[in-house]
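The block underneath contains the structure these notes are about, expressed in structure tokens.
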């Protein structure tokens, strides 16, 4: 098994076996991925309670951990959940247990994160330790201990395949005992080796299934699916906790009798789906065996537990694993709301995604999806200003892996929140100097609540609080359940950034299996206040200036901004454009609020808007073929020289010509070797300030080139002295009449005579 650790901040980390040796420790730099291969000596080779084999990862600051099973022809991956988001109730996910190998079991692994954890297990089928389907069994675990449960299997082949018990739908929950309340647990499930799909031979490969499960309290009611890239036939399994839950696939109610054991339902298809329910459900997507259902090699079975639309992320760094077989393929697909700026702000490794890559989801037009296909092996960062769901997966010969790319796992019914006038998320985070109220939401009315703030906060004057028979300050309804809100009356302010562990102790009076005192642990994250900043491009009058946010928000999404552009206007868009009508210097202000209610200071930058240049063109003339070349003159004015003029001749290709820095004019010579009318069309002029302002300046100078005229003279005659004067005739041709003829008599002075238009004769 290989672990991948990454973070968007620099932090120290430790990987160890709980209760045993430290395997590796060090520093993760922001954006770095740390890889560690866990020795095979820690694999689980037995059932029941197992000690000293839990891999325990800790860090000073938040990190993301992915776990990969990496072996030739056997691979799988899961995102690992931090202990503070774990729950106390789970339902196992797997698939029909069919394999091409012996000793392939459906499995469940349960890890305790606290001592004296009592776990109640109700298997959906017979297990190798003798538990019957539907029986209720309890085990006691201490922190770091594992309980491994295996479904039965038959090592005698049937038709070349080996069949076993599918443990899908097994209920796992921690329960209260005496004065000890139920405690958090981590649960993994899957299969040691599995064949999925139809229309394939018995010789096709099998692969393991491996996923960490989400607690039932974090399930959602709305899911969107997208087929795996270039292997579109997928299987889907839906688990419902309450048998009375109504489930809909693409708007059609699933007949309740179609659910196996009133617990799970399967379907397959090669198109995107919308899965909804009136109560929370869990959904998994499955890849088939290579060669099954039309899915060609490379491919292999895999299981990915999907995130609901209620649980989204806005930034994640994921790892495209190093598959053993070659050549590997690595893919990502993303589902995101197509309203607002979610799509336009989405980035893959800081690169935008072409708009043409996004496809409107056919079952929910409020969302779009995109395939980020054939990404490179290694780590990739996805981010947007809006929440999205993503899945990372890959194939190679007889191998595959897949997992939900990060998870913002929230208990929908029991959570801590910090109330400020501007916060929009139920998330225990705030900023230095931001006033807030502590609030706790429960699915029951506790008889006592104790807030234990810890030494650091106590040292800032924040004293622990104990309440007896408290009265809720409000209620809300989520998925039909009434939740009770308890807000402390004191407004708090934290003076130093950091992560502060806080504990809430609450006495649950209800008989839901978790009675007694419950301990809710969470980390209060206090960030520095967001620092507003922005850049801008385009500083020319009467042209749009683009303003772009460049703030430091501690990776918290921005929910509100305010811009002012001098006294001329304002905007509430994150990255607005504004057109200043005239040149000058304008004070532009910017401030923002993040999703956790933190407000930045207002930043002011003076934005200097440059004037636009103007231009003229002159040189209109009529001349003759092969005459001396006339001059076309471009003249610039205003703004900053030198000037560059764009022009064309008779609408042809655009050309440019520039002045020198010391002159505002530039000329060109118009050729006269071709007959015709030549329009030199000025298009625009650009100046040379830092803004390089350009203005369209349509104008023309026309050069007309005519052919040269020809002439004849007639009238040769002999006459007598004093006879009537004979007529001498000048005749012009070509060119355009009237003509003017130059002549002399016997080499004397030059004289002229002209025809009268339209005559060509004089």
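Residue numbers (the numbering used here): 9 to 770. For glycine and all other residues, C-beta sits at the position ideal for the given N, C-alpha and C.
Among the options, whose alpha-carbon lies nearest the alpha-carbon of residue i?
i: residue 271; options: 100, 15 and 360; result: 100
i: residue 663; options: 347, 672 and 653; result: 653
i: residue 362; options: 373, 102, 381 and 372; result: 381
i: residue 753; options: 474, 730, 763 and 721; result: 721
i: residue 707; options: 700, 669, 658 and 751; result: 658
i: residue 84; options: 402, 642, 638 and 724; result: 402
i: residue 205; options: 73, 106, 481 and 430; result: 106
i: residue 644; options: 623, 634 and 650; result: 623
i: residue 665; options: 115, 139 and 695; result: 695
i: residue 742; options: 714, 761 and 727; result: 714
i: residue 443; options: 451, 470, 453 and 420; result: 470
i: residue 74; options: 324, 356 and 116; result: 324
i: residue 133; options: 515, 102, 620 and 514; result: 102
i: residue 464; options: 495, 509, 243 and 458; result: 509
i: residue 698; options: 541, 650, 63 and 574; result: 650
i: residue 559; options: 551, 609 and 595; result: 609
i: residue 214; options: 407, 366, 378 and 767; result: 407
i: residue 497; options: 576, 109, 482 and 137; result: 482
i: residue 421; options: 393, 430 and 450; result: 450
i: residue 563; options: 536, 578 and 548; result: 536
Can you tell me whether residue i is buried or exposed, with buried defined as 16 or more other CB within 10 angstroms of its CB?
i: residue 466; result: exposed
i: residue 773; result: Shown here, the chain extends from 9 to 770; a query on residue 773 therefore has no answer.
i: residue 308; result: buried
i: residue 489; result: exposed
i: residue 618; result: buried
i: residue 250; result: exposed
i: residue 709; result: buried
i: residue 728; result: exposed
i: residue 53; result: exposed
i: residue 528; result: buried
i: residue 319; result: buried
i: residue 153; result: buried
Taking 6 Å as the limit between beta carbons, can you name the residues of its chain near residue i, skipping five residues before and five after?
i: residue 44; result: 11, 23 and 32
i: residue 755; result: none
i: residue 736; result: 723
i: residue 613; result: 596
i: residue 190; result: 96, 182, 183, 184 and 522
i: residue 675; result: 639 and 641
CB-CB under 7 Å to residue i, same chain, minus the five flanking residues each way: which ones, in chain order?
i: residue 241; result: 276, 278, 296, 301, 302 and 303
i: residue 305; result: 298, 299 and 405
i: residue 692; result: 654, 702, 703, 704 and 705
i: residue 477; result: 455
i: residue 462; result: 508, 509 and 510
Going by DSSP in three states, residue i sits in which element: helix, strand or coil?
i: residue 462; result: helix
i: residue 292; result: strand
i: residue 93; result: helix
i: residue 501; result: coil
i: residue 134; result: coil
i: residue 559; result: coil
i: residue 595; result: strand
i: residue 266; result: helix
i: residue 50; result: helix
i: residue 224; result: helix
i: residue 660; result: coil
i: residue 364; result: helix
i: residue 198; result: strand
i: residue 34; result: strand
i: residue 646; result: coil
i: residue 39; result: coil
Kindly list the residues whose CB is nearer than 8 Å to the CB of residue i, restricted to its own chain and excluding five residues on each side of it in sequence; keep chain order.
i: residue 545; result: 553, 554 and 556
i: residue 123; result: 150 and 151
i: residue 673; result: 641, 642, 643, 644 and 667
i: residue 384; result: 328 and 338
i: residue 266; result: 273
Any beta carbon of chain C sitting closer than 8 Å to that of residue i?
i: residue 760; result: Within the model displayed, chain C is absent; a lone protein chain is all it includes.
Cβ contact check for the segment 671-685 and the segment 587-605: 3 or more pairs under 8 Å
Here the segment 671-685 makes no contact with the segment 587-605; the two share fewer than three CB pairs at distances below 8 Å.
Inter-stretch contact at 8 Å, needing at least 3 Cβ pairs: the segment 427-445 / the segment 531-540
At 8 Å Cβ cutoff, the stretches touch.
Taking three-plus beta-carbon pairs below 8 Å as touching, is the segment 140-153 in contact with the segment 217-231?
No: the two stretches stay apart, fewer than three of their Cβ pairs being nearer than 8 Å.
Taking contact to mean at least 3 C-beta pairs separated by less than 8 Å, is the segment 565-578 in contact with the segment 625-634?
A contact between stretches requires three or more CB pairs, one per stretch, nearer than 8 Å, and the segment 565-578 fails this requirement with the segment 625-634.
Are the segment 246-262 and the segment 280-290 touching by the rule of at least three beta carbon pairs closer than 8 Å?
At 8 Å Cβ cutoff, the stretches touch.
Decide yes or no for the touch test of the segment 408-420 against the segment 499-516: beta carbon pairs closer than 8 Å, at least 3 of them.
Taking one beta carbon from each stretch, the segment 408-420 and the segment 499-516 have fewer than 3 pairs nearer than 8 Å; the two do not touch.
Report yes or no: do three or more beta-carbon pairs, one from the segment 155-171 and one from the segment 114-129, lie closer than 8 Å?
Yes: the two stretches touch, three or more of their Cβ pairs being nearer than 8 Å.
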